[in-house]
Structure formats: structure tokens, C-alpha cells
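When you line the sequence shown up against the working numbering, it's residues 57 to 135, in that order. For every residue, glycine included, the Cβ atom is placed at its ideal position computed from N, Cα and C. Owing to the predicted nature of the structure, the values given are computational and were not obtained by experimental measurement. Down below is the structure, laid out as C-alpha cells.
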Amino acid sequence: MKEGGGRKQGAASPCAACKLLRRRCAQDCVFAPYFPADEPQKFANVHKVFGASNVNKMLQVHSSFILNFHSSFILNFLL
Ligand SMILES: [Zn+2]
């Protein structure tokens, strides 16, 4: 088995979203790719604007929304 790249498996540390929401960060957590644990401010910003439950709902309803949300909003908002 070969470990590829520098991607850390976040089993020990939940992503920024789960941390803030105090929920268990599953391996397939929808937030994890967008809100890594080492950038907690990202989710804090989104959380402030939308509210955590809305973000959670949005991300769960449509995975395509994630792309849209991520590229069009988050990048604009965070960069
Ligand atoms: Zn998570």
C-alpha cells in the first residue's frame, strides 16, 4: 500500500464545520473537503452568514450545490 500525496486523514481531528457544530466528523463528511480543520475561520464566516443548519441542509440536499456554492460564493467571499 502506498500513501499518496500529503492529504491527512482527519479521523482524529474533525473538520472545521463539525468542530464548530460539535458533531461527529464522519469519513464522508460533506463539510470536510471545504472546511478543513486547519482553516476554522472559513466555516466561521459561512456559519455567520447562513447559519449552520442552513449550510448543513444545503450541502446535504444537492452535492451539485456544493460545487456551485463552493466556487461561486465561498471563493468570492473568502478570497
Ligand atoms: Zn466534518
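From residue i to residue j, what does the alpha carbon distance come to, in whole angstroms?
i    : j    : result
A88  : A73  : 7 Å
V111 : F99  : 10 Å
P96  : A108 : 14 Å
P70  : Y90  : 12 Å
Worksheet entry | alpha helix (DSSP H) runs wholly inside the region 77-108, at least 4 long, in chain order | For the alpha helix (DSSP H) assignment, the uninterrupted runs of no fewer than 4 residues enclosed by the region 77-108 are, from N- to C-terminal side, 96-106.
Practice prompt. Determine contact between the region 79-86 and the region 100-107, defined as no fewer than three beta-carbon pairs at a distance below 8 Å.
Written response: No, the region 79-86 is not in contact with the region 100-107.
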